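When the count follows our numbering, it moves up by one through the sequence shown with no breaks and lands on 484 for the last residue.
Built from N, CA and C at the ideal position, the CB exists for glycine as well.
In this text the structure is predicted, and so the values were computed from the model without any measurement.
Each remark here refers to the structure printed beneath this line.
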Amino acid sequence: MTRTRAFALLGASTLALTLAACGSPTPAATSTPTATPSPTATVHYEPIMTPEEFPRMDGSTANIPLGSLVLQRTTGLDAATADNSIQFNTTSRAYERLAEGEVDLILAYEPSAETRAKVDPRGRNLESHAIGRDALVFLTNEDNPVDSLTAEQVRDIYTGKITSWSQVGGPDVPIMAFQRPEVSGSQTLMRKLVMGDATMTDPPTELVAAEMGSLVDGVASYANSSNALGYSVFYYVSNQYAVDGIKLIAIDGVTPSNETIADGTYPWVNEFYVVVRADEPADSPARKIVEWLGTDPGRQTIKDAGYVAL
């Protein structure tokens, strides 16, 4: 069984996804491309409930492929039907919907402090189970000659101490450092894993990307040059929204990968979770999914969807 933590101690990864109830038809919720799972022949997958019984689910954008594959393997739905049966919201909104009773379960990264205070101020209402690991990664245009930064250099860039690529071995051009909104999951990870108590600079409005996809697109094409820098979670940029024109930056000489995330050599690793309300009945469909994710079929499903499972 996966580790269980009180929500108040959820100081390690959570964002947010929305999986609408499968018993009623829902439109395709997003054009974000999903990863192709790599199914295994060593684990048997037996449906544990009908599609109509599947709990209402939400979660993080980066967990969309996992949500679809969980739905397929626990109900027997085909991939196309599962993909078309789900809707997705942002990290903060998914937590809000769970707390408000609009959904029963979320697959999510860590919420911002603001969201946590809003949905569970006393840390008693929500319950999280760590199920996998991801990492905060930094990306730049593929034409940028800089391939690696130190952790200190990244912090200095985002506090404004370093302003030119020439200060880190690149051309003499300004560093255009993209950020995410404060309630986003990747901004939460940025502050927790990288910045700590350091104060981030206030970027121009055009450098604050409302969605992860627009940040990736912006870094790839900003001003048709190689001076942009941004961040996201590894799974999203490597599997779910891989676009031409970007590359991942090594940190302290370690390139992010499933292997370096799993063994902890990449420095900025964090967990993601399945989260339910603490008062969710023991025999509910949501609890059955939580339990299933801690079994061999559940853990293998996380791996087959391309994530690092615990």
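Flag residue i as yes if its beta-carbon sits less than 8 Å from any beta-carbon of chain B, otherwise no.
i, result
"alanine 309", "Among the chains of the structure shown, chain B does not appear; only one protein chain is present."
Which residues bound the alpha helix (DSSP H) around residue i?
i, result
"threonine 314", "Run containing threonine 314: none in the alpha helix (DSSP H); it sits in the beta strand (DSSP E), 300 to 315."
"tryptophan 466", "459 to 467"
"alanine 287", "287 to 293"
"proline 471", "470 to 478"
"glutamate 158", "Only positions 175 to 484 of the chain appear in this structure, which leaves residue 158 out of reach."
"serine 259", "Premise fails: serine 259 is in no alpha helix (DSSP H) and is neither H nor E."
"valine 244", "238 to 249"
DSSP state of residue i, grouped into three classes?
i, result
"glycine 233", "strand"
"alanine 273", "helix"
"glutamate 454", "coil"
"methionine 223", "coil"
"threonine 208", "With a pLDDT of only 47 at threonine 208, under the threshold of 50, the placement of this residue in the model should not be trusted; the figure read from the coordinates follows. Note: threonine 208 maps to coil in three-state DSSP."
"isoleucine 336", "coil"
"alanine 384", "coil"
"alanine 351", "strand"
"tyrosine 410", "helix"
"serine 168", "No answer is possible for residue 168: the residues shown for the chain start at 175 and end at 484."
"tyrosine 396", "helix"
"alanine 483", "strand"
"valine 428", "strand"
"valine 417", "coil"
"valine 320", "coil"
"valine 443", "strand"
"valine 217", "coil"
"threonine 200", "With a pLDDT of only 32 at threonine 200, under the threshold of 50, the placement of this residue in the model should not be trusted; the figure read from the coordinates follows. Here threonine 200 sits in coil by DSSP."
What residue from the options has the CA that sits closest to residue i's CA?
i, options, result
"glycine 344", "Asp470, Val293 and Thr314", "Thr314"
"phenylalanine 312", "Asp321, Glu274, Ala304 and Phe262", "Asp321"
"alanine 282", "Thr265, Val382, Lys462 and Gly392", "Thr265"
"asparagine 401", "Lys421, Ser412, Gln414 and Tyr410", "Lys421"
"glutamate 276", "Gln261, Leu323, Ser242 and Val390", "Gln261"
"isoleucine 280", "Tyr447, Ala256, Gly404 and Gly370", "Tyr447"
"valine 411", "Ser360, Thr324 and Ala372", "Ser360"
"glutamine 353", "Ile423, Val244, Asp278 and Ala384", "Ala384"
"serine 406", "Met364, Asn263 and Ile305", "Met364"
"valine 347", "Glu226, Gly468, Leu403 and Phe408", "Leu403"
"aspartate 257", "Ala268, Arg267, Pro225 and Asp278", "Pro225"
"glutamate 465", "Gly480, Val244, Leu310 and Ala416", "Val244"
"leucine 310", "Met231, Val393, Asp252 and Thr362", "Thr362"
"glycine 419", "Ser259, Ala394 and Gly370", "Ala394"
"aspartate 174", "Lys292, Asn237, Gly233 and Leu251", "There is no way to answer for residue 174, as the model of the chain reaches only from 175 to 484."
"methionine 231", "Thr439, Ala436, Glu274 and Ala268", "Ala268"
Can you tell me whether residue i is buried or exposed, with buried defined as 16 or more other CB within 10 angstroms of its CB?
i, result
"proline 229", "buried"
"glutamate 270", "buried"
"serine 187", "Any answer about serine 187 is weak, because its pLDDT of 34 lies below 50 and its placement is not dependable; what the coordinates show is given next. Serine 187 is buried by the Cβ-count criterion."
"valine 328", "buried"
"aspartate 317", "exposed"
"histidine 303", "buried"
"glutamate 284", "buried"
"proline 295", "exposed"
"threonine 208", "Below a pLDDT of 50, predicted positions are generally treated as unreliable, and threonine 208, at 47, falls in that range; the measurement from the model is reported next regardless. Looking at its Cβ environment, which holds 16 or more other Cβ atoms inside 10 Å, threonine 208 is buried."
"threonine 337", "exposed"
"glutamate 301", "buried"
"alanine 254", "exposed"
"proline 430", "buried"
"aspartate 376", "exposed"
"aspartate 478", "buried"
"arginine 298", "exposed"
"threonine 235", "buried"
"proline 319", "exposed"
"glycine 241", "buried"
"isoleucine 476", "buried"
"valine 450", "buried"
"alanine 351", "buried"
"glutamate 445", "buried"
"glycine 306", "buried"
"threonine 434", "buried"
"glycine 480", "buried"
"valine 428", "exposed"
Tell me the residue span of the beta strand (DSSP E) that contains residue i.
i, result
"isoleucine 420", "420 to 422"
"alanine 402", "402 to 407"
"alanine 489", "The first residue shown for the chain is 175 and the last is 484, placing residue 489 beyond what the model contains."
Check the C-beta distance from residue i over to residue j and give it rounded, since I have them as a contact under 8 Å.
i, j, result
"tyrosine 332", "methionine 386", "No, tyrosine 332 and methionine 386 are not in contact; Cβ-Cβ is about 17 Å, not under 8 Å."
"valine 357", "glutamate 288", "6 Å"
"alanine 483", "arginine 473", "5 Å"
"threonine 249", "isoleucine 463", "The Cβ separation is near 10 Å, so there is no contact."
"tryptophan 442", "valine 368", "6 Å"
"proline 471", "tyrosine 219", "5 Å"
"tyrosine 415", "aspartate 308", "Wrong, their Cβ atoms sit about 14 Å apart, outside the cutoff."
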